[in-house]
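In our numbering, the protein residues as written are 7 to 415. Here the structure comes first, spelled out in structure tokens, and everything after it is commentary.
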């Protein structure tokens, strides 16, 4: 791997780490404006302050429910079940267990924008709570029916960039005289119409309180006088007894066997900095897959340097001729080179009897005739003499060398 490529990889890693740290820093510095309704967090639309307020009213006697309500110990002490969230998830059996819990003389305060259909079905026809609907506006004024003197509390919806429009939740139909349900609170809507958002249902020995908008009890409004006083007035409707905070019915479950499951990802998603870090890791992994999945050029193999083997070949060939001991073979090769040289350079062709060959060569090459005749004579002596030795080629080689030098002049 080249040095420039290593530098580029290090730079990309440092830049990616810096980006992740920046995202985490910004996430920790800014507020999370989602309507999460978590009583353990202190973001604007969480319920940490409301839980502190309720626990103080109950003298700190509270517990958190992470399992079905049927698993609670059946004691003689009455308790209040509180659910705060966007929607209450309960199947038919769980809805029946909640209502049986109330019938035994306990209390339930359910504050959610959407009440479980199964709870509606489990109630008697005279105890119908009513479906929920939405009113669209920037702000609203809420009040409690039994407060004397009656006071209206102002709530303005705010987001990360200031005031925003929101759907304020209320009951779809107004209560009719004679129904076994009490109206406890409302807020104003369009055309001066009062929209009901807080009701009480008497079930057996206990009471069910239903509020349609948990947003009114979040940290953002409890820091203001109107929000704090409104929450305090709503809490006054609840009896002074131990509190059960229902976290079990905040999550949809298709099987009760997974009721107690707590995955690491669930914990991560509950905290904005960890959630943003998780998304950053996913984005980085996606970028890596996208760029690494492209077809890359095949690595070019190293080609070895071309070696000059002429010398090694000459040495091997010389060794073979030397081992043959006869000078005939080497003389034949030397003369082949001689005749080929003359043919290419001067167009001199060798004849069978070589008559006049020496004269023709001398004439065209300007080399003394006696030297050429000596070369041809020595060739015949070595090639046609069976007893010639390898050393006999030394004189032939010297004559040929002299010939080549004279030709090049």
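The beta-carbon is built from N, C-alpha and C at its ideal position, and this holds for glycine as well.
Look up residue i in the DSSP assignment and give the residues it is bridged to.
i           : result
residue 404 : In the DSSP output, where bridge partners are listed per residue, residue 404 has none listed.
residue 149 : 192
residue 332 : 395
residue 173 : 142
residue 161 : 146
residue 371 : Residue 371 pairs with nothing; no bridge assigned.
DSSP three-state label for residue i, please.
i           : result
residue 143 : strand
residue 414 : helix
residue 398 : helix
residue 77  : helix
residue 387 : helix
residue 258 : coil
residue 293 : helix
residue 84  : coil
residue 326 : helix
residue 252 : strand
residue 363 : helix
residue 166 : coil
Tell me, to the nearest whole angstrom, how far the beta carbon of residue i is from that of residue j; I am working on the premise that it is less than 8 Å.
i           : j           : result
residue 239 : residue 150 : 5 Å
residue 6   : residue 257 : It is not possible to answer for residue 6, since the shown part of the chain is limited to 7 through 415.
residue 114 : residue 214 : 5 Å
residue 84  : residue 111 : 5 Å
residue 287 : residue 205 : So it is not a contact: roughly 46 Å between Cβ atoms.
Can you tell me the Cα-Cα spacing of residue i and residue j, whole angstroms?
i           : j           : result
residue 371 : residue 323 : 30 Å
residue 341 : residue 383 : 12 Å
residue 38  : residue 98  : 34 Å
residue 236 : residue 159 : 7 Å
residue 265 : residue 253 : Its pLDDT being 40, under 50, residue 265 is placed unreliably in this model, and the value from its coordinates should be taken loosely. Their Cα atoms are separated by approximately 11 Å.
residue 154 : residue 190 : 13 Å
residue 262 : residue 195 : Its pLDDT being 45, under 50, residue 262 is placed unreliably in this model, and the coordinates cannot settle the point.
residue 45  : residue 296 : 40 Å
residue 251 : residue 70  : 5 Å
residue 232 : residue 162 : 11 Å
residue 141 : residue 174 : 5 Å
residue 247 : residue 91  : 22 Å
residue 77  : residue 127 : 22 Å
residue 334 : residue 393 : 9 Å
residue 278 : residue 230 : 24 Å
residue 314 : residue 26  : 58 Å
residue 228 : residue 106 : 33 Å
residue 51  : residue 168 : 14 Å
residue 321 : residue 386 : 26 Å
residue 413 : residue 350 : 13 Å
residue 40  : residue 81  : 38 Å
residue 15  : residue 310 : 30 Å
residue 400 : residue 307 : 47 Å
residue 53  : residue 244 : 18 Å
By alpha-carbon positions, which one of the options ends up nearest to residue i?
i           : options               : result
residue 117 : 413, 222 and 393      : 222
residue 242 : 61, 27 and 19         : 61
residue 119 : 105, 147, 104 and 89  : 89
residue 192 : 217, 186 and 171      : 217
residue 144 : 178, 367, 292 and 164 : 164
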